[in-house]
Amino acid sequence: KSIFIFILSLLCSTIKANKLFEDSLWNVWSNIENTTFDRLEALSRLSKDVLLTTNPDSAYYFSTKIVDLALKSKDTNHLAVAFNIKGIYFAQKSEYNNAIKNFENELQFYNAIGDINGKANALNNLGLIKQNQGDYLKAI
Numbered sequence: 001k002s003i004f005i006f007i008l009s010l011l012c013s014t015i016k017a018n019k020l021f022e023d024s025l026w027n028v029w030s031n032i033e034n035t036t037f038d039r040l041e042a043l044s045r046l047s048k049d050v051l052l053t054t055n056p057d058s059a060y061y062f063s064t065k066i067v068d069l070a071l072k073s074k075d076t077n078h079l080a081v082a083f084n085i086k087g088i089y090f091a092q093k094s095e096y097n098n099a100i101k102n103f104e105n106e107l108q109f110y111n112a113i114g115d116i117n118g119k120a121n122a123l124n125n126l127g128l129i130k131q132n133q134g135d136y137l138k139a140i
């Protein structure tokens, strides 16, 4: 019985911590006095770390906001992140052609800034899509 209570309290505290994390990111994004980078980072993390699993349509919506602000501020890294979010969104919906377009855009932006880890992530996502489509040679 005490183990059950412990697990239940641990679960409740984890849920509360996640909600605080989500609220904190939202507050950073909403405050226009924060730097553009901080706002983009907060919305990117909110979209990718929280919304893609809990509310994918909202993650997609906010990825378009990330694109708009990243274009205005010439922030290539956050452009890549936004296209990653869009690609994951379409992959979850099994809209593989749209996912591929977005992962290719992500790859293009990571190539432009020389981000090797980002490039590897984009290529991995493209490979996973090809695998899901049964195109194993292109997946490699």
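In my numbering, the protein residues as written are 1 to 140.
Each residue gets a CB set at the ideal place from its N, CA and C atoms; glycine is no exception.
{"Asked": "With a threshold of 8 Å on Cβ separation, who are the neighbours of S44 within its own chain once the five nearest residues in sequence on each side are excluded?", "Found": "I66, H78, V81, A82, I85"}
{"Asked": "My understanding is that K119 touches N111, with C-beta atoms under 8 Å, so please give their C-beta distance in whole angstroms.", "Found": "6 Å"}
{"Asked": "In three-state terms, what does DSSP make of K93?", "Found": "coil"}
{"Asked": "Assign L46 to buried or exposed, taking buried as 16 or more other Cβ atoms, counted over all protein chains shown, within 10 Å of its Cβ.", "Found": "buried"}
{"Asked": "Run through DSSP, which three-state label would Q133 get?", "Found": "coil"}
{"Asked": "For a test of the three-state rule: what should DSSP assign to D75, helix, strand or coil?", "Found": "coil"}
{"Asked": "Can you list, in chain order, the residues of its chain whose CB lies under 7 Å from that of N98, leaving out five sequence neighbours each side?", "Found": "F90"}
{"Asked": "Is the separation between the beta-carbon of E106 and that of G87 shorter than 8 Å?", "Found": "yes"}
{"Asked": "Please report the straight-line C-alpha distance between N34 and L40, rounded to a whole angstrom.", "Found": "10 Å"}
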